[in-house]
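Okay, so here's the structure we're looking at.
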Amino acid sequence: MALDSNENPDNSISKFESMLKTDDVYFFDAEDFEDIIHFYLNNGKIALGKKAIQIGLEQHPNSLELKLLHVEVLVFEDKFETAEGILDRLQEIHSHNEEIYIQRANIRSKQDRHQEAVDFLLEALHISEDSLDVHSLLGMEYLFMDDFERAKQSFMRCVSFDEGDYSSLYNVVYCFEFLEDYQGAIHYLNDYLERNPYCEVAWHQLGKMYQAQEMYQEALTSFDFAIISDDSFIGAYFEKGKVLERLGKYNEAIENYETTISIDDPTSHAYLRIGRCHEKLGNDDLAKYYFYNTVHEDPLLDKGWLAITDFHLRLKNFEKALFYINKAINIDGENPLYWKRAAKIYFQLGNLDEADFAYKQTVDLGNYELDTWMHWAETLKQVGDYNSAIQVLVQGVEFYPEVSDIHYKLAGLYLKNEEVEKSQEKIEEAIQINAHKLHLFEEEFPELCQIKWIKSIFTDIKKAST
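Written out as structure tokens, the structure is:
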């Protein structure tokens, strides 16, 4: 039994699912099948989408649109060869269909052959010059290729076609940012706002550009206009709070952060910034309250754990600081910032073996900052393990060969380890890099400055500088 289905999409979907549960065969228009397939694909129900494609092609074997949807699913499943075969056959009949070129581009993109994808998309543009979708896809391919200038131009075309295309507007600003052309972004957004004066998204992005240029009053004005355009725009209140915080207007910043909480569910980021404002105001109890709420709201936010740890460090509550950083490590033991903070606390507590282990974890997890190497070496120096301290700094020099601080420290450690020749070489390197930082060696190793050859070098340097 075959039944027609010319009802609305919801009814078509109900009819289709009813058909799957029975032995009845319902007839659908090709357009109905397209709607059903799009519904399933958009909702992640791929198996049902494939079933609809199968039945749709049985009922409408010559439908170009259904065949292209079949290709789309094949590409999604990385069945590129089968998809290409269908596209080859379609192109023989429909050589001027832009969707064929778009699907070919999609295949190349998924194969990381982005220049070929661009070439196919440009072919699609020859067929349909005003295709918004093609310009958007081109922009994404250029982003994959790190060609931000061309990506920007593609997304600008999208915005020129549809000034309500906020996704493309965001991408335009992203390209300006990556190119570090903040003035260009400001000019572009101001021009856009001349035509769309009540666009809260553009005002918000303009404020962020002014903020990046440290033009804080202009940023505040932009965020105010974003709020006037949409008084429930959480992002504008939050960014305005950040600017006020930077200007030292902590109470006003708190008001804006609290507004974000009143509009929607509280976020860990809002709690964190309110806590930091209270900390700056000296409201320690309130700061602690909001920091606790931060980690309660999002136990995976490392900034929250670091904030509450640093809060106790500032008050020299080292045991409490250690308690909270260890809780953080138990949640995410792969976070190098947690281990680095733990190392600092262990050092303060005089637990040098634990500090050594924590610094090793920090480096093993990819933190190669200068102060990590310097503090780790200092920890080993305090233990009296000069050889290990030297090995740490030798690694550090590979990352910071032009920083004199690390060379001066290494020179002193070589001498403490009775490696005189290496110490002499390192002192000379340090002086060549920056002779004005000679005081670093004198302050850290005053007992070595009485050695004759060191005293002679330092005397000569000081004479030369007077």
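Residue numbering for the sequence shown is 186 to 651, as defined by our numbering.
For each residue, glycine too, the CB sits at the ideal point set by N, CA and C.
Values in this document were obtained by computation on a predicted structure and should not be read as measured data.
Point to revise | Own chain partners of G597 with C-beta closer than 7 Å, once the 5 adjacent residues on each side are dropped | key: F626, E629, F630, L633
Point to revise | DSSP three-state assignment for Y585, whether helix, strand or coil | key: coil
Check your understanding: In its own chain, which residues sit with a C-beta less than 7 Å from the C-beta of H320, not counting the 5 before and 5 after it?
Key -> S339, R342, C343
Check your understanding: Of the residues N381, A506, G349, which one's Cα is nearest the Cα of K523?
Key -> Note that residue 523 is Tyr in the sequence shown here, rather than Lys. Nearest C-alpha to Y523: A506.
Check your understanding: Q567: which of Q546, K601, E583 sits nearest, CA to CA?
Key -> K601
Practice item. Assign R274 to buried or exposed, taking buried as 16 or more other Cβ atoms, counted over all protein chains shown, within 10 Å of its Cβ. Key: exposed
**Study point:** When E399, Y599, E334, R526 are compared against G569, the one with the closest alpha-carbon
**Key:** Y599
Exercise for review: For the region 515 to 585, list the alpha helix (DSSP H) runs that are entirely contained and at least 4 residues long, ordered along the chain.
Suggested key: 521 to 533, 537 to 549, 555 to 568, 571 to 584
Review point. Helix, strand or coil: which one does DSSP assign to L188?
Key: With a pLDDT of only 34 at L188, under 50, the local geometry of the prediction cannot be trusted, and the value read off the model is given with reservation. If DSSP states are grouped into helix, strand and coil, L188 belongs with the strands.
Review point. Is the CB-CB distance between L652 and T564 below 9 Å?
Key: The displayed coordinates of the chain run from 186 to 651. Any statement about residue 652 would go beyond what the structure contains.
**Study point:** For Y286, three-class secondary structure by DSSP
**Key:** helix
Exercise for review: Would you kindly work out how many angstroms separate the C-alpha atoms of L288 and H463, rounded to a whole number?
Suggested key: Looking at the sequence shown, residue 288 is not Leu but Gln. Taking the straight line joining both Cα atoms gives about 54 Å.
Check your understanding: Got a sec? Which residues, its chain only, sit under 7 Å from I198 by beta carbon, not counting five neighbours each side?
Key -> I221, F224
Check your understanding: In chain order, which alpha helix (DSSP H) runs of at least 4 residues are fully inside the region 368 to 455?
Key -> 385 to 397, 401 to 414, 419 to 431, 435 to 448
Review point. Mind checking whether Y477 and I459 have CB atoms under 9 Å apart?
Key: no
Check your understanding: What do you reckon, are the CB atoms on E430 and A411 nearer than 9 Å?
Key -> no
Check your understanding: Apart from the five residues just before and just after V258, which ones in its own chain have a Cβ nearer than 8 Å to its Cβ?
Key -> L226, I231, G234, K235, I238
Review point. At which residues does the alpha helix (DSSP H) containing F164 begin and terminate?
Key: No answer is possible for residue 164: the residues shown for the chain start at 186 and end at 651.
Point to revise | Straight-line Cα distance separating A527 from N468 | key: 25 Å
Check your understanding: With distances taken between CB atoms, is the gap from Y593 to K637 smaller than 9 Å?
Key -> no
Check your understanding: Any idea if K139 is buried or exposed, counting beta-carbon neighbours within 10 angstroms, 16 or more meaning buried?
Key -> Past the edges of the chain, shown from 186 to 651, lies residue 139, and the structure says nothing about it.
Practice item. Provide the residue span of the alpha helix (DSSP H) that contains Q296, from first to last. Key: Element bounds for Q296: n/a, residue is neither H nor E.
Practice item. Kindly examine the ligand COA and report whether one of its heavy atoms sits closer than 8 Å to the Cβ of L391. Key: Here there are no bound small molecules, and the ligand COA is not part of this structure.
**Study point:** Rounded C-alpha distance that separates G214 from L205
**Key:** Note on identity: in this sequence residue 214 is Asp, with Gly being the wrong assignment. The alpha-carbon atoms of D214 and L205 are separated by roughly 17 Å.
Exercise for review: Verify whether the separation of the beta carbon atoms of K425 and A397 is less than 9 Å.
Suggested key: no
Practice item. Measure from the alpha carbon of K427 to the alpha carbon of each residue in I413, E443, D415, then state which is nearest. Key: E443
Review point. Can you give the beta carbon distance from E326 to H299, rounded, assuming they're within the 8 Å contact cut?
Key: 5 Å
Check your understanding: Roughly how many angstroms lie between the CA atoms of D408 and L391, to the nearest whole one?
Key -> For clarity, residue 408 is Phe in the given sequence; the question names Asp instead. Using only the alpha carbons, I get a separation of about 8 Å.
Check your understanding: With DSSP run on the structure shown, which of helix, strand or coil describes I238?
Key -> helix
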